[in-house]
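Here the structure comes first, spelled out in structure tokens, and everything after it is commentary.
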């Protein structure tokens, strides 16, 4: 079994394009290719799935402990021989991680944990002999890190590639050049504010065509036979399986591109383990999910029912609803127009149902979303604040801890690690925003100064990585001076038990649905 790590010198060098092209090219050779993603990114795994037909799993040296990353490596071990693993990091470069002092959280750290050599992608546009100095620095920076080869990306011509290769050889850089890929506008991946565009264009077939174009470019300009010779031979006992191609998402890389997620069947469960029925929002607006999390829910006995908040009603007989991240700001008008779902969610929460949101999901559960253009769209109103898009990126690793009354994570789990990456902030009724802490009783409290919403977090070092945790439930009447500092009522409720009304901190304001009911009674 062969394995490599694809990394870049910095962001924008083309490492994702090279990785996707390698995956598709090796798959065209008849090899089974299992992709992984170093870091907490959502978008790259979607492109990996298009190229390989297999779900891509995330690895992270800081958010997950070595044992949890070892479980992910066990997934690799469980595959048959003749597989190749592709792993790349979208944000920044090979040695960039949690801070500037250590390798923690970096792609280099993960390559050493896995014992896998690195294929370094170098952007060579407008560069010649300077490339040798750059590669020499990367190759000598950490003597314990192994390199399988160099990919010269965005070369101007065959002569330019030969010039670069000559420069590397004359500088005695002991990393082989695998080839030079010409700059081509036909294979450039478009980006938006959260990174690459997701490959959710199932109806047009663009993602598959794009992967095929990348594969053809790789086959024409890289020495794949030599790459496979230089890749690591990975062997180990099987610990858990990954299943077959398109195991979870239904194929074609279009997990976010259909008109309705109800077109896809619920995820199956082991026999006799139906403990909860969970609705998962999945469409163009909500498409950021870790495959690990859905797999963990299934293994715990949950039945996963997909639906589209853009067009669908709330599925029946649910115990919980899960809203992932995505681009709700781009579909805010359509989300607001689906009033049937909004009122159903309010009623579901009022009956004690658990509603859980991450990042974009939190924005949808808030009172409103303000776009960058200044348009305000009313949302569900389950959370007592508004959200708005901003132009400044908020990106960092962080630590979080659950509030005492958090329905998802008991307080005794203590501090958890996570990461946030967003262009949004939370606005309170007085127009202010929270920078370091959100103290609503149903939010995980953030510990990193300078951020404006809850971060992505790990649970006890495992694969579950929630972002912007929230659970909505019935709230008491508007706070009075005597009850403003009332202690929250503890709540320990299993999803498999009947839903019961619950109480939340008195400082949480009453939701619009209850206000409407009272107005009708008074009328």
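Numbering (our numbering), first residue to last: 3 to 525. Using N, Cα and C, we set each Cβ at its ideal position, and we do this for glycine too.
| Item | Value |
| --- | --- |
| Start and end residues, beta strand (DSSP E) containing residue 398 | 388-403 |
| C-beta atoms of residue 150 and residue 96 nearer than 8 Å | no |
| Whole-angstrom C-beta distance between residue 304 and residue 347, which should lie under 8 Å | Incorrect: roughly 19 Å between the Cβ atoms, too far for contact. |
| Under the three-state DSSP convention, the category residue 12 falls into | coil |
| Where residue 288 sits in the DSSP three-state scheme | strand |
| Contact between the stretch 341-361 and the stretch 387-406 (3+ Cβ pairs under 8 Å) | no |
| Environment of residue 36 [buried if 16+ CB atoms lie within 10 Å] | buried |
| Anticipated Cβ contact below 8 Å, residue 63 with residue 108, distance rounded | 7 Å |
| Beta-ladder partner(s) of residue 304, from DSSP | 278 |
| Distance, residue 173 Cα to residue 160 Cα | 20 Å |
| One or two residues paired with residue 1 in a DSSP bridge | Residue 1 lies beyond the stretch modelled for the chain, which goes from 3 to 525, so this question has no answer here. |
| Cβ pair residue 61, residue 38 closer than 8 Å | yes |
| Run of the alpha helix (DSSP H) containing residue 347, from where it starts to where it stops | 341-352 |
| Within 8 Å, strictly: CB atoms of residue 363 and residue 411 | no |
| Residue interval of the alpha helix (DSSP H) (run including residue 359) | Not the alpha helix (DSSP H): residue 359 falls in the beta strand (DSSP E), residues 356-359. |
| beta-carbon residue 333 near the ligand SAH non-hydrogen atom, thresh 7 Å | No copy of the ligand SAH occurs in the structure displayed, which carries no ligand at all. |
| Check whether residue 320 and residue 371 have beta carbons under 8 Å apart | no |
| Boundaries (first-last residue) of the beta strand (DSSP E) holding residue 162 | That residue, residue 162, is in no beta strand (DSSP E); its alpha helix (DSSP H) goes 160-172. |
| Proximity below 8 Å, CB of residue 148 to CB of residue 121 | no |
| Close-in-space but distant-in-sequence residues of the same chain around residue 214 (CB under 7 Å, 5 per side omitted) | 26 |
| Residue 2 to residue 103 span [Cα, whole Å] | The requested residue 2 does not occur in the structure, where the chain is confined to residues 3 to 525. |
| Residue 184 - containing beta strand (DSSP E), residue span | 179-184 |
| Contacting residues, own chain, Cβ-Cβ under 8 Å from residue 220 (five flanking each side not counted) | 20, 23, 24, 26, 27, 183, 226 |
| Residue 105 in three-state terms, based on DSSP | coil |
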